[in-house]
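Numbering (the numbering used here), first residue to last: 16 to 366. One structure below.
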Amino acid sequence: MYSINNLEFGLSDDSLIYGYDMMKAVVFKFDQKGNLINQNRFQEGGNEIDLLVIGDVYPVNQDSIFVVENGYGHLLLLDRDLKIKNSWNIMKLTGAKIGVGGSNTQVVNFEYIGQDPYITLVAFDRNFLKSGKEFFETSFLAVKINLSNGKFKPLFKYPKESPYREYLFWGDESPNILYFDKKYLVTFPMDPNIYIYQEDTEGYEVIPYEGKLNKTAIGVGFGMPQDEFNSNHYMQVFHNQNEFYLVSKSLLQKAGHSYFVRVARRALHEKNFDYKDLNTFLIQHPGHEFIIQIVDLNSNGKNEIREYKLPKEYKNFSYIDNDGKIYFRRTNEDSETYTVDMVSWNADDLE
């Protein structure tokens, strides 16, 4: 019995949708009506390469689908039948201690430069401990790799304005990166700000958060062991005192404007919050509110953040298509079906 952890709608215009079971390393191919066309499991010897955990699926076209592993750093290129066309191991290919299996395993972009294929991945420097302050002062956030020869370029550093420079947020150190118009929109799970980087410059633009939620986040001191954090601080840091920002992979294009869209899981701020483990919390607590945030990137520096409370059945969106429709996953804990609602958005409300 397989589950669907995520869906990718990048080829939905071709009536194709891809999904994956993270832990069982299964890639699914659906038509636009949700009918299963094909599937392939990359465990238990079913293919020439076994994967530990799938981190991301990135469809380029119908005959080129990248799959990146969260674990040993394998990168697969699949054909239209979900069979392996080519494969790489990132550390072997580059000869460097590059990690691609952090808290957010992500293919950011794929392109040809001349005759050479380049892939950009969320990544980190394995030479530093993730619990140490030096990691957040020194490590890169992404890496751009020439798949023909293994030459690579580290990209970006943790921004100085980020709470990640001041506190440790165990297990959620990786950024979410959205590539658009030769710019990289970088966000972090525990950081309300938005950062815009360009590839060949050291500087970056900051869109500071000025909404109604927390203006920053507070974690724990660097060097704290992970078991101590999980036992004594995890629930407070990730659920009670800070917002948690979810992955955004596409922009809303409406009326000549580009809108960055993401969802925030709202902090509880309960005075008598005494939950120590997540399972008890999920069973006993009514849960969080989820807020969708929309930022106009063409607002001449104003960058006003509009915020709307989501209905309870929605906890995040999956995709924004070329018509500006937002694809919301409908949450139903009692159902084994994976339901996506396509919602139209009135652009007049954003002007």
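The beta-carbon is built from N, C-alpha and C at its ideal position, and this holds for glycine as well.
Taking the CA atoms as reference points, D336 sits about 8 Å from Y342.
Fewer than three pairs of CB atoms, one per stretch, sit closer than 8 Å, so the region 140-152 makes no contact with the region 194-207. In its chain, beyond the 5 residues on either side, M205, G234 have a beta carbon closer than 6 Å to the beta carbon of F184. With fewer than three CB-CB distances shorter than 8 Å, the region 147-154 does not count as touching the region 91-106.
For I69, the closest of I19, Q47, I113, S79 by C-alpha to C-alpha distance is I19. In the DSSP secondary-structure assignment, S273 is bridged to Q268.
Per DSSP, M37 lies in no beta strand (DSSP E) and is assigned neither H nor E. Counting along the chain, M106 sits inside the alpha helix (DSSP H) bounded by residues 105-109. Here V115 carries a coil assignment [DSSP, helix/strand/coil]. Within the region 211-292, the complete beta strand (DSSP E) segments at least 3 residues long are 219-222, 267-269, 272-280, listed from N- to C-terminus.
In this structure, the alpha-carbon of W360 lies about 19 Å from that of G25. A direct Cα-to-Cα measurement between S177 and P301 gives close to 31 Å. Of the candidates G226, F305, K44, L91, F305 places its Cα closest to the Cα of K324.
For the set Q121, I320, G110, F203, the Cα lying nearest the Cα of A232 is the one of F203. Here the region 215-226 makes no contact with the region 235-254; the two share fewer than three CB pairs at distances below 8 Å.
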